[in-house]
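A short write-up of the structure that comes next.
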Amino acid sequence: MLASMRTRVEAAQQSRGSQAQWQEFADSVYFEGQDFADRAEKTREDIEAIGKISDAGSQTLVMWLFVAFFVVAATGIAIVWMSARFLGRDVSQTLGRMTDVATRLADGEKDIHIPATHRRDEIGDLARALEVFLQAARQIESMAQEREALRKERRQEMARFAQRFKTTVGEVVNGVASASAQLKTTADSMASAAEQASVQTTNVTDSMEQASNGVTAAAAASDEFAMSIGEISRQAAHSAALARKATAAASGADETISALSISADQVGQIVELIQSIAQRTNLLALNASIEAARGGEAGRGFAVVASEVKELATQTSRATEEVAAQIRAMQDSTGASVGALRSIAEQIKELESTATSIASAVDQQSVAGQDLARSIDLAARSADEVSSNIVQVRETSYATGAAASQVLNSSTELEAQAMTLQTQVSQFLQHVRAA
Numbered sequence: 004m005l006a007s008m009r010t011r012v013e014a015a016q017q018s019r020g021s022q023a024q025w026q027e028f029a030d031s032v033y034f035e036g037q038d039f040a041d042r043a044e045k046t047r048e049d050i051e052a053i054g055k056i057s058d059a060g061s062q063t064l065v066m067w068l069f070v071a072f073f074v075v076a077a078t079g080i081a082i083v084w085m086s087a088r089f090l091g092r093d094v095s096q097t098l099g100r101m102t103d104v105a106t107r108l109a110d111g112e113k114d115i116h117i118p119a120t121h122r123r124d125e126i127g128d129l130a131r132a133l134e135v136f137l138q139a140a141r142q143i144e145s146m147a148q149e150r151e152a153l154r155k156e157r158r159q160e161m162a163r164f165a166q167r168f169k170t171t172v173g174e175v176v177n178g179v180a181s182a183s184a185q186l187k188t189t190a191d192s193m194a195s196a197a198e199q200a201s202v203q204t205t206n207v208t209d210s211m212e213q214a215s216n217g218v219t220a221a222a223a224a225s226d227e228f229a230m231s232i233g234e235i236s237r238q239a240a241h242s243a244a245l246a247r248k249a250t251a252a253a254s255g256a257d258e259t260i261s262a263l264s265i266s267a268d269q270v271g272q273i274v275e276l277i278q279s280i281a282q283r284t285n286l287l288a289l290n291a292s293i294e295a296a297r298g299g300e301a302g303r304g305f306a307v308v309a310s311e312v313k314e315l316a317t318q319t320s321r322a323t324e325e326v327a328a329q330i331r332a333m334q335d336s337t338g339a340s341v342g343a344l345r346s347i348a349e350q351i352k353e354l355e356s357t358a359t360s361i362a363s364a365v366d367q368q369s370v371a372g373q374d375l376a377r378s379i380d381l382a383a384r385s386a387d388e389v390s391s392n393i394v395q396v397r398e399t400s401y402a403t404g405a406a407a408s409q410v411l412n413s414s415t416e417l418e419a420q421a422m423t424l425q426t427q428v429s430q431f432l433q434h435v436r437a438a
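FYI, in my numbering the residues of the sequence shown are 4 to 438.
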């Protein structure tokens, strides 16, 4: 657009055109200036929009806007200078003031009053265009100040954010590093404990197998012991029954021997009676012999009979003495037998009582043996369950060891990631502070 305007001015100067030609030229400059002002306003709006997005881009646009403003100002000065030559003194003075305004505006002044903005001709349009540029410059300066304040605030906020980020993330990273180190230590302890638990469970498993075998053998022995106790109980009961029968038999023998002793006493009494009769018979035979001797021949036969009677009485007396001796011996034997039988009966009673006590004790031992067998069987089952649980514990310890290894690997990786994160955080904070 500037090249076109320059071409038109040079053509007008060379042709020494009329007032109408200059009016046409001024109108074209007005319309092009209006179009340029509209473009400048749109550019200002674009600058404001872009300024909200990027500070660097807005600074570039501001720079280009000032360049465009300076170009427009220079163009306006040129137009004013040319118009001053062709349009008269009033226009020259007005354009001179506007040139001064444009110069001050180009120098960066913002507290400027632009004249001729009320005019309805091309000079008024140019003044209003300069007013638009002045307002745009003021807005750009205000926006620049706001952006600078915002940028400063952002830098401060970024510094505070970096500090907070460093504090927070640093604490987190340090916490993660500390936790990973502690987790690594815990994982090492878990792995060591799992290994020790595995070794101990293996030893316990072996011990439990031995204990289970011992308990199984004890259970079998307790079963045999219970069977033996049952057999002893039956034998003791049988012995008690035999003792009771022997006691009854001894009682019967005692009664029989007692009756025999009574019979022997009665026989002794009869023998004594026979001895008494024999003694009397012998005495009668002696008297008969004496009387036969007195009778002489008449008494010889009677003497022979008396002698025979005496001899028989003597034999009877000897026989009765022998029978009495045998009866006394039988009575002594019978008394001894009765005493022995009574002693045997008492011993049998004691044996019966002992057998009964043994049977009762054996019954109690049988019950205790059964309880022991049940306890040993329960202990065997418990040992099997404990062995099974120990196997599960060993498998769990293996799994714990594997998990501890995984935790150890994870903690090592976490520690490495924490160090990497710490490095990245430091680099990020350096970039933020540099920005």
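Just so you know, even glycine gets a beta-carbon here, dropped at the ideal spot from N, CA and C.
If you ignore the 5 residues before and after residue 141, its C-beta comes within less than 7 Å of the C-beta of 113, all in its own chain and listed in chain order. With a threshold of 16 other beta carbon atoms within 10 Å, residue 335 falls short and is exposed.
Between residue 122 and residue 130 a beta carbon distance of about 7 Å is seen, short of the 8 Å cut, so the two are scored as contacting.
Straight-line measurement puts the Cα of residue 262 at about 31 Å from the Cα of residue 283.
A straight line joining the alpha-carbon of residue 278 with that of residue 359 spans about 54 Å. Taking residue 412 as the centre and dropping the five residues before and after it, the same chain places no C-beta closer than 8 Å to its C-beta. In the displayed model, residue 327 falls within a helix according to three-state DSSP. At a Cβ-Cβ threshold of 8 Å, residue 281 and residue 320 count as neighbours.
Under the 10 Å beta carbon count, residue 230 is surrounded by fewer than 16 other beta carbons and is classified as exposed. Taking the C-beta atoms as reference points, residue 117 is found nearer than 8 Å to residue 133.
If you check the CB distance, residue 288 and residue 316 come in under 8 Å. The C-beta distance from residue 330 to residue 270 rounds to 5 Å, short enough to fall under 8 Å. Between residue 126 and residue 97, the gap from beta carbon to beta carbon is short of 8 Å.
A straight-line Cα-Cα distance of about 29 Å links residue 159 and residue 111. As the crow flies, the alpha-carbon of residue 426 is around 14 Å from that of residue 170. In the three-state scheme derived from DSSP, where H, G and I count as helix and E and B as strand, residue 105 is classed as helix. Under the three-state reduction of DSSP output, residue 241 falls in the helix class. Of the residues 152, 357, 254, 324, the one whose Cα lies closest to the Cα of residue 274 is 324.
Distance from the Cα of residue 366 is smallest, within the candidate group 310, 419, 385, 234, for 234. Judged by DSSP in its simplified three-state form, residue 99 adopts helix.
Annotation: residue 247 to residue 227 spans about 30 Å, alpha carbon to alpha carbon. The alpha-carbon of residue 416 is positioned some 35 Å away from that of residue 206.
Considering only 338, 109, 245, the residue with the shortest C-alpha distance to residue 266 is 338.
DSSP places residue 122 in the coil class of the three-state scheme, outside both helix and strand. For residue 377, there are no CB contacts under 6 Å within the same chain when 5 residues up- and downstream are skipped. For residue 209, the three-state secondary structure derived from DSSP is helix. Between residue 101 and residue 119, the gap from beta carbon to beta carbon is short of 8 Å.
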